[in-house]
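Protein chains in written order, with my numbering: chain A, 1 to 83; chain B, 84 to 166; chain C, 167 to 315; chain D, 316 to 464. Think of the CB as a built atom: it goes at the ideal place given N, C-alpha and C, for glycine as much as any other residue. What follows is one structure encoded as structure tokens, with my remarks underneath.
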Amino acid sequence: MRIAVEYFGKLGDFAGAEDGALDLPVGVSDTAALRAWLDEVRGFNGALLHCSVQIAVGDEIRRGPFALSEGDIVAFLPPVGGG
Amino acid sequence: MRIAVEYFGKLGDFAGAEDGALDLPVGVSDTAALRAWLDEVRGFNGALLHCSVQIAVGDEIRRGPFALSEGDIVAFLPPVGGG
Amino acid sequence: MTIRLVDLSFDPGAELSAFSTRAVGAGGVVSFSGHVRPQSTDGTVQSLMLQIHPVLTLAGMQTAEREAIARWSLIDSEIIHRHGDIGASEAIVFVATASAHRRAAFEAADFLMDYLKTKAVFWKKEAGPGGERWIEPREDDYADAERWI
Amino acid sequence: MTIRLVDLSFDPGAELSAFSTRAVGAGGVVSFSGHVRPQSTDGTVQSLMLQIHPVLTLAGMQTAEREAIARWSLIDSEIIHRHGDIGASEAIVFVATASAHRRAAFEAADFLMDYLKTKAVFWKKEAGPGGERWIEPREDDYADAERWI
């Protein structure tokens, strides 16, 4: 399955944080598995696993494991705040 | 004793509300007596007696009876509010 | 820290620009502007006349500003208040507060407005379709002012 | 009701003038403007970079504005938020609210700022003397936002 990923805020500063298309290995089929897999193979060293990091799929925040589909755009969002 | 009086706000609309110098009769020597006397002789019909009307003598609010002196300027101040 | 009693129309936006420029270093600037309602409920244009006392009006505003400075950590504050005749839609009052963190600026502006509404020495006469009438603070205004005691 | 995400400098005072003109009939207009601090404690000029999400940032602000409209009786409201690179002393955010009575305007502006500080989808990077660092909301900001739940 091919998806696209985007890293926002401080997550974008990690060397392994590369926005764009990605082929998922078999077994990585939901957001929880994706998060764990990317944290390991892209050297996030736990940063992606932190409970403060939210995940959006197709511009909607998805809490808990959410099944991924071909072509999904998955965004990793660390704590937000403007003003 | 000669003083001056000033009426502010709605008190200035009474026919008897005339700003300026005033000779006080004997016996009218403090703000409480002045208020009662003016209310009667100038036709305020109780408006000057209302507890919401404050009295300033020489640009200072004076609560309770306050002894008057020759040349004092006495202002009658109904409820205030700006904004 | 500025207090101005003015008898000519002013633009709250222009005052906010000037205030923000002066209040360098502030993280947050809060402003309040109060305007004469352009129309009463029956659609007739209204106007206001605000009477002041030659000494007590300014003195009271200075006391309120001193209290705000004592209670909140403000970088700057400004109060502009109209008196005399004020036309429909014109600004009556402008309050601005600047502080490092926004809570102080919000609370101080709120406090100053509650003071101005209930304790500032102005007498307000409204001219509307039913003639003229003197306006006193509403119960809500007094209740709001009690919050700071 | 207006929400604007802008990547160029703007003047909160000019925005307040325009907003007040539009918000005809309001008794009170409250504004908040937040600026980049011109200097850090050691005197060095700082700047900010604000990153947005192409969809979620605006969507979240619209949700917050809808909630404000549902909770308070507002005549009008406006939020302007910068993104991209923001220079020292420039405005980051402007919020304005207009209502018949001032309490609604004060509370709604306060609420919108608490939302923007803790829930609006921005990521903020500060460039200062010690290099760059990402800034997250302070504990105070989260505590302030809890007040509205």
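Specify the secondary structure class of residue i as computed by DSSP and reduced to three states.
i, result
"leucine 373 of chain D", "helix"
"alanine 415 of chain D", "coil"
"aspartate 72 of chain A", "coil"
"glutamate 231 of chain C", "helix"
"methionine 167 of chain C", "coil"
"valine 43 of chain A", "Going by the sequence as given, residue 43 of chain A is glycine instead of valine. Here glycine 43 of chain A sits in coil by DSSP."
"glycine 342 of chain D", "coil"
"glutamate 422 of chain D", "helix"
"glutamate 137 of chain C", "This structure does not reach residue 137 of chain C, given that chain C is present from 167 up to 315, and the question cannot be answered."
"phenylalanine 176 of chain C", "coil"
"leucine 160 of chain B", "strand"
"aspartate 102 of chain B", "coil"
"phenylalanine 149 of chain B", "coil"
"methionine 215 of chain C", "strand"
"serine 388 of chain D", "coil"
"glutamate 305 of chain C", "helix"
"alanine 286 of chain C", "coil"
"tryptophan 120 of chain B", "helix"
"serine 183 of chain C", "helix"
"arginine 188 of chain C", "helix"
"aspartate 59 of chain A", "coil"
"glycine 446 of chain D", "strand"
"glycine 250 of chain C", "strand"
"glycine 9 of chain A", "helix"
Can you tell which of the options has its C-alpha closest to the C-alpha of residue i?
i, options, result
"phenylalanine 421 of chain D", "C:Ser197, C:Gly191, C:Val172 and C:Ala184", "C:Ser197"
"alanine 87 of chain B", "B:Arg146, B:Asp142, B:Pro162 and B:Gly164", "B:Asp142"
"alanine 180 of chain C", "C:Pro303, C:Ala262 and C:Ala192", "C:Ala262"
"alanine 230 of chain C", "C:Thr284, C:Arg203 and C:Leu214", "C:Thr284"
"glycine 147 of chain B", "B:Gly154, B:Cys134, B:Glu153 and B:Asp155", "B:Cys134"
"alanine 385 of chain D", "D:Ala419, D:Asp456, D:Ala341 and D:Glu405", "D:Ala419"
"threonine 31 of chain A", "A:Asp72, A:Ala17, A:Ala21 and A:Glu18", "A:Asp72"
"aspartate 425 of chain D", "D:Glu382, D:Lys440 and D:Gly446", "D:Glu382"
"proline 79 of chain A", "D:Tyr457, D:Ala374, D:Glu461 and D:Arg462", "D:Tyr457"
"alanine 266 of chain C", "C:Ala286, C:Trp238, C:Leu278 and C:Glu244", "C:Trp238"
"leucine 427 of chain D", "D:Gly343, D:Arg417 and D:Gln377", "D:Gln377"
"valine 221 of chain C", "C:Ala286, C:Lys291, C:Ala311 and C:Arg304", "C:Ala286"
"glycine 129 of chain B", "B:Gly103, B:Phe97 and B:Asp102", "B:Phe97"
"tryptophan 463 of chain D", "D:Tyr430, D:Gly446 and D:Val351", "D:Tyr430"
"arginine 304 of chain C", "D:Gly446, D:Arg417, D:Val351 and D:Ser332", "D:Arg417"
Strictly under 9 Å for the Cβ-Cβ distance: is residue i near chain C by that measure?
i, result
"glycine 99 of chain B", "no"
"proline 452 of chain D", "no"
"serine 332 of chain D", "yes"
"aspartate 142 of chain B", "yes"
"phenylalanine 159 of chain B", "no"
"methionine 428 of chain D", "yes"
"proline 444 of chain D", "no"
"glycine 126 of chain B", "no"
"aspartate 96 of chain B", "yes"
"glycine 110 of chain B", "no"
"valine 344 of chain D", "yes"
"glycine 103 of chain B", "no"
Does the beta carbon of residue i come closer than 9 Å to any beta carbon on chain B?
i, result
"histidine 247 of chain C", "yes"
"valine 190 of chain C", "no"
"tryptophan 314 of chain C", "no"
Which whole-angstrom value is the C-beta distance of residue i and residue j, which I expect to be below 8 Å?
i, j, result
"leucine 323 of chain D", "phenylalanine 437 of chain D", "That belief does not hold up - the Cβ atoms of leucine 323 of chain D and phenylalanine 437 of chain D are roughly 17 Å apart, past 8 Å."
"leucine 320 of chain D", "histidine 398 of chain D", "6 Å"
"isoleucine 55 of chain A", "valine 74 of chain A", "6 Å"
"alanine 189 of chain C", "isoleucine 241 of chain C", "5 Å"
"valine 136 of chain B", "leucine 160 of chain B", "7 Å"
"glycine 166 of chain B", "valine 259 of chain C", "5 Å"
"phenylalanine 176 of chain C", "alanine 257 of chain C", "6 Å"
"proline 178 of chain C", "alanine 254 of chain C", "That belief does not hold up - the Cβ atoms of proline 178 of chain C and alanine 254 of chain C are roughly 16 Å apart, past 8 Å."
"glutamine 361 of chain D", "alanine 423 of chain D", "No, glutamine 361 of chain D and alanine 423 of chain D are not in contact; Cβ-Cβ is about 30 Å, not under 8 Å."
"glutamate 302 of chain C", "glycine 95 of chain B", "With 8 Å as the limit, glutamate 302 of chain C and glycine 95 of chain B do not qualify as a contact, their Cβ atoms being about 15 Å apart."
"leucine 117 of chain B", "valine 111 of chain B", "5 Å"
"leucine 373 of chain D", "lysine 439 of chain D", "Between lysine 439 of chain D and leucine 373 of chain D the Cβ distance is about 17 Å, and since that is not below 8 Å, they are no contact."
"aspartate 19 of chain A", "glutamate 6 of chain A", "5 Å"
Tell me, please, whether the CB atom of residue i is closer than 9 Å to any CB atom in chain D?
i, result
"valine 80 of chain A", "yes"
"glycine 46 of chain A", "no"
"valine 66 of chain A", "Residue 66 of chain A is actually phenylalanine in this sequence, not valine. No, no contact with chain D."
"alanine 56 of chain A", "yes"
"glycine 71 of chain A", "no"
"glycine 9 of chain A", "yes"
So, is the C-beta of residue i closer than 9 Å to a C-beta in chain A?
i, result
"arginine 416 of chain D", "The displayed chain sequence assigns histidine, not arginine, to residue 416 of chain D. For histidine 416 of chain D, the answer is no, since every Cβ of chain A falls outside 9 Å of its Cβ."
"aspartate 456 of chain D", "yes"
"leucine 365 of chain D", "yes"
Under the criterion of a Cβ to heavy atom distance below 8 Å, does residue i qualify as lining the ligand ADP?
i, result
"glycine 81 of chain A", "This structure simply doesn't include the ligand ADP, nor any ligand for that matter."
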